[in-house]
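Colleague: These protein sequence lines are chains V and G, in that order.
Going by the numbering used here, the final residue of the first sequence carries number 317, and the count climbs one at a time with no gaps.
Going by the numbering used here, the final residue of the second sequence carries number 491, and the count climbs one at a time with no gaps.
No residue lacks a Cβ here, since even glycine has one placed at the ideal position from N, Cα and C.
Quantities reported herein were computed from a predicted structural model and do not represent experimental measurements.
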Amino acid sequence: MLLARFKEEVEDILSRYPVKRSALLPLLNMAQREEGFVSEPAMRDIAKVLDLTPPQVFETVTFYTMFNLKPIGKFHLQVCKSIMCALVRSDEVVKWITKKLNIAPGQTTVDNVFTLSVVECLGSCGTGPMMQVNDDYYEQLTEEKVYRVLDDLARDGDCSLKSGPYMFPLPLAKS
Amino acid sequence: MPQYEKILLKNMEQPGYAGSLAEYEQTGGYQALRKVLKDMQPDQVIEEVKTSSLRGRGGAGFPTGVKWGFIPKDHPGPIYLCCNADESEPGTFKDRQLMERDPHQMLEGMIITCFAIGAETAYIYIRGEFRLGARILEKAIHEANAAGYLGENILGSGRTIKIYVHAGAGAYICGEETALLESLEGKRGMPRFKPPFPATHGLYQKPTVVNNVETMANIPHIINRGGAWFAGIGSPPKSCGTRVFCLSGHVKRPGNYEVPMGIPFREFIYEIGGGMRSDKPIKAFIPGGASAPFLTPEHLDVKMDFESVALAGSMLGSGGVTVMEEGTSMVWAALRLMEFFYHESCGKCTPCREGSSWMTQILQRIWDKRGRDGDLDMLDELCKNIAGRTVCAFGEAEVGPVQSTLKHFRHEYEALIREAEAAMPRGKEIPVLTN
Numbered sequence: 143m144l145l146a147r148f149k150e151e152v153e154d155i156l157s158r159y160p161v162k163r164s165a166l167l168p169l170l171n172m173a174q175r176e177e178g179f180v181s182e183p184a185m186r187d188i189a190k191v192l193d194l195t196p197p198q199v200f201e202t203v204t205f206y207t208m209f210n211l212k213p214i215g216k217f218h219l220q221v222c223k224s225i226m227c228a229l230v231r232s233d234e235v236v237k238w239i240t241k242k243l244n245i246a247p248g249q250t251t252v253d254n255v256f257t258l259s260v261v262e263c264l265g266s267c268g269t270g271p272m273m274q275v276n277d278d279y280y281e282q283l284t285e286e287k288v289y290r291v292l293d294d295l296a297r298d299g300d301c302s303l304k305s306g307p308y309m310f311p312l313p314l315a316k317s
Numbered sequence: 057m058p059q060y061e062k063i064l065l066k067n068m069e070q071p072g073y074a075g076s077l078a079e080y081e082q083t084g085g086y087q088a089l090r091k092v093l094k095d096m097q098p099d100q101v102i103e104e105v106k107t108s109s110l111r112g113r114g115g116a117g118f119p120t121g122v123k124w125g126f127i128p129k130d131h132p133g134p135i136y137l138c139c140n141a142d143e144s145e146p147g148t149f150k151d152r153q154l155m156e157r158d159p160h161q162m163l164e165g166m167i168i169t170c171f172a173i174g175a176e177t178a179y180i181y182i183r184g185e186f187r188l189g190a191r192i193l194e195k196a197i198h199e200a201n202a203a204g205y206l207g208e209n210i211l212g213s214g215r216t217i218k219i220y221v222h223a224g225a226g227a228y229i230c231g232e233e234t235a236l237l238e239s240l241e242g243k244r245g246m247p248r249f250k251p252p253f254p255a256t257h258g259l260y261q262k263p264t265v266v267n268n269v270e271t272m273a274n275i276p277h278i279i280n281r282g283g284a285w286f287a288g289i290g291s292p293p294k295s296c297g298t299r300v301f302c303l304s305g306h307v308k309r310p311g312n313y314e315v316p317m318g319i320p321f322r323e324f325i326y327e328i329g330g331g332m333r334s335d336k337p338i339k340a341f342i343p344g345g346a347s348a349p350f351l352t353p354e355h356l357d358v359k360m361d362f363e364s365v366a367l368a369g370s371m372l373g374s375g376g377v378t379v380m381e382e383g384t385s386m387v388w389a390a391l392r393l394m395e396f397f398y399h400e401s402c403g404k405c406t407p408c409r410e411g412s413s414w415m416t417q418i419l420q421r422i423w424d425k426r427g428r429d430g431d432l433d434m435l436d437e438l439c440k441n442i443a444g445r446t447v448c449a450f451g452e453a454e455v456g457p458v459q460s461t462l463k464h465f466r467h468e469y470e471a472l473i474r475e476a477e478a479a480m481p482r483g484k485e486i487p488v489l490t491n
């Protein structure tokens, strides 16, 4: 039981809403964070906690694009392809990743480390082209930067190039 | 470059400002809340905001004070406030900066709003991708709780206000206020039919106010400096105050810039944004997020306020300005946008669900040089049959880019169709392609 392990967190989430069903997205987000995808047992678990039927959970899960219903790689590379990023050549980013990792969008590397997705706007239009890797944003990508991110992630599981709190353009230093 | 007084971005543009509670208090933070709790009645707060003529910064531009005034006065409760931090409109990235750099500014606005409308619980619906923003907000809420600005008996006033962060899971439509409420209730994020409006039947069928992050961030300043002061900025009487406009696309300096409403696009793009990236001339620009119809260089002198942009045939929307240089294919641009709308259509209304897929297919085949003679008429007809025939404004949004490019750049579509004609002459069967 996934939820039994996070009893406190689940109770904290449930306490925020007057109606149990509202906790559905937070619990699904939690399940996905834990397992990397939303599994069927997790959905059944959540249904039980929230007094819903499993189909009610499933119908909600399928509406939201962030939920993966199948296992994916350790790092989910999501490259934005919407017009603002596309104007600054986000399609190239997909090509660079494809070249480096030898996977097409929607595929996972054989070692299960990277999954590549092409997604719609992630709200970082001024700093495109950009991609999201798990929780982190990587912005103003260039070919070298993409390769460095991929190398760092494969080697250390983390990369220092990720964005911090957003500020763009950066304020000029007082002279 | 002209300098304008900054209101919302003032704090965060100080070097070293990290948005913690102590820093926010040092710059005069939470003084507005103290003032409200000490000297003001809820009605006075609503009147002050009405005086300021503040309009919603999320896209629709509805007067905020009027919206608050719709909450029934004698309702037994509970009443809810939802802060719309879904920021899903392509071309918009201002809320992210406001949340991540100065979270207490919007929290203070939310607490004051809760006081004004009589809400005890508020939710911040933040898009699922903004994990960093959600963490920062949660930390800020924790700080505010510990300092007594939030929680039970706020600053000794006896009022209880709680704010929770609720993360979405990647659906554009959840930025629409009723879809946001559905999603917050744990359902598929499909817009509700209006009326009844959220002001009377919102979250859990209780009176609810849904406001954008930037709207909330403006509230403390209006309380501190007065509604009349705010109403004098920008281009009164309809478009008051400053706005954080987001500049993206083929410009030298993309980013968020706070300017008073009513400056011309030319000044914004060329002086503040540094002009075109490659010194190619500008070909077209989107004035207010992906839903707004395209404008052309002849509209560069249009003022950036709600009325002027509407008069020019587009909308100021969420304030995301995207600039495209000469050489960008407008058919390609319309196709990219249409793919977005096809992907994000929630599927509730048939014209939008089927129409977006149909229009994407037509645009794709025109772009692939497999277009047919009647395609443009078909697009025109489809556009007419989607807009205004859906529950929410998504219908109008999705036809905007296609209709406006057809209007301003019809020759580009025709050239591509002529090429298709030359490559595959009439009389020969054209294969129907399935994608």
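Taking only beta-carbon atoms, is Ile225 (chain V) less than 7 Å away from chain G?
Modeller: yes
Colleague: The beta strand (DSSP E) with Asp293 (chain V) in it runs from where to where?
Modeller: Element bounds for Asp293 (chain V): not the beta strand (DSSP E) but the alpha helix (DSSP H), 285-298.
Colleague: Any Cβ of chain G within less than 7 Å of the Cβ of Thr202 (chain V)?
Modeller: For Thr202 (chain V), the answer is yes, since a Cβ of chain G falls inside 7 Å of its Cβ.
Colleague: Taking the runs of the alpha helix (DSSP H) that are 4 residues or longer, which of them lie wholly in the segment 194-261 of chain V?
Modeller: 196-203, 225-229, 232-243
Colleague: Based on Cα-Cα distance, which residue from V:Thr251, V:Lys212, V:Glu177, V:Gln274 lies nearest to Cys263 (chain V)?
Modeller: V:Gln274
Colleague: Span of the alpha helix (DSSP H) holding Pro183 (chain V)?
Modeller: 182-192
Colleague: Which chain G residues sit within Cβ distance under 7 Å of Tyr280 (chain V)?
Modeller: Under the 7 Å cutoff, chain G gives no residues; its nearest Cβ is about 12 Å from Tyr280 (chain V).
Colleague: Are the C-beta atoms of Glu182 (chain V) and some chain G residue less than 7 Å apart?
Modeller: no
Colleague: Note down the Cα distance separating Val252 (chain V) from Leu243 (chain V), rounded to an integer number of angstroms.
Modeller: The alpha-carbon atoms of Val252 (chain V) and Leu243 (chain V) are separated by roughly 10 Å.
Colleague: When DSSP builds the beta bridges, which residues end up paired with Phe396 (chain G)?
Modeller: BP columns for Phe396 (chain G) are empty, so no partner.
Colleague: In whole angstroms, give me the CA-to-CA distance for Glu182 (chain V) and Asn171 (chain V).
Modeller: Taking the straight line joining both Cα atoms gives about 14 Å.
Colleague: Identify the contact partners of Ala287 (chain G) in chain V, using a Cβ-Cβ distance below 9 Å as the criterion.
Modeller: Going along chain V, no residue has its Cβ under 9 Å from Ala287 (chain G), so there is no contact; the nearest lies around 28 Å.
Colleague: Return no unless some Cβ of chain V is closer than 7 Å to the Cβ of Glu143 (chain G).
Modeller: yes
Colleague: Quick check on Glu156 (chain G) - is its C-beta less than 7 Å from some C-beta in chain V?
Modeller: yes
Colleague: Opposite Ser291 (chain G) in the DSSP bridges: which residues?
Modeller: G:Ser295
Colleague: Check the Cβ-Cβ distances between Ala390 (chain G) and every residue of chain V, and say whether any is below 7 Å.
Modeller: no
Colleague: Sorted by chain position, which residues of the same chain lie with C-beta nearer than 7 Å to Pro247 (chain V)'s C-beta, five sequence neighbours on each side aside?
Modeller: Val236, Leu258, Ser259, Val260
Colleague: What does Ala165 (chain V) reach in chain G if we use C-beta pairs closer than 8 Å?
Modeller: Gly242
Colleague: Using the three-state DSSP reduction, which class does Ser385 (chain G) fall into: helix, strand or coil?
Modeller: coil
Colleague: Ile342 (chain G) and Thr378 (chain G): beta carbons closer than 7 Å?
Modeller: Contact flag set, yes.
Colleague: First and last residue of the beta strand (DSSP E) that includes Cys139 (chain G)?
Modeller: 136-141
Colleague: Using 6 Å as the cut-off, classify the Cβ of Met371 (chain G) as near or not near the heavy atoms of the ligand ZN, replying yes or no.
Modeller: Ligands are entirely absent from the displayed structure, and the ligand ZN is therefore not among its contents.
Colleague: Could one say the Cβ of Phe396 (chain G) lies closer than 7 Å to chain V's Cβ atoms, at least one of them?
Modeller: yes
Colleague: What are the boundary residues of the beta strand (DSSP E) that includes Gln274 (chain V)?
Modeller: 273-275
Colleague: Let me know the alpha helix (DSSP H) ranges lying completely inside the segment 298-374 of chain G, each 4 residues or longer, listed in chain order.
Modeller: Counting only runs of 4 or more, we get 362-367.
Colleague: Cβ closer than 7 Å: which chain V residues qualify as neighbours of Ala227 (chain G)?
Modeller: Phe205, Tyr206, Thr207
Colleague: Classify Gln158 (chain G): buried if its beta carbon has 16 or more other beta carbons within 10 angstroms, exposed otherwise.
Modeller: In the sequence as presented, Gln is not what sits at residue 158 (chain G); that position holds Asp. Buried.
Colleague: Using a Cβ cut-off of 9 Å, pull out every chain G residue sitting near Ala228 (chain V), in sequence order please.
Modeller: Trp388, Ala389, Arg392
Colleague: On the DSSP bridge list, what partners appear for Ile182 (chain G)?
Modeller: G:Ala141, G:Ala223
Colleague: DSSP three-state label for Val455 (chain G), please.
Modeller: helix
Colleague: Residues bridged to Gly207 (chain G) by DSSP?
Modeller: Note: Gly207 (chain G) sits in a beta bridge opposite G:Ile217.
Colleague: For the alpha helix (DSSP H) that Thr264 (chain G) lies in, which residues bound it at each end?
Modeller: That residue, Thr264 (chain G), is in no alpha helix (DSSP H); its beta strand (DSSP E) goes 264-268.
Colleague: If I follow the unbroken beta strand (DSSP E) through Tyr80 (chain G), where does it start and stop?
Modeller: In the DSSP assignment, Tyr80 (chain G) falls outside any beta strand (DSSP E) and within the unbroken alpha helix (DSSP H) covering 77-82.
Colleague: I need the boundaries of the beta strand (DSSP E) containing Tyr279 (chain V), first residue and last residue.
Modeller: 278-280
Colleague: Would you call Asp431 (chain G) buried or exposed, if buried means 16 or more other Cβ atoms sit within 10 Å of its Cβ?
Modeller: buried
Colleague: For Leu303 (chain V), which residues in the same chain have their Cβ closer than 7 Å to its Cβ, ignoring the five residues on either side in sequence?
Modeller: Tyr280, Lys287, Arg290, Val291
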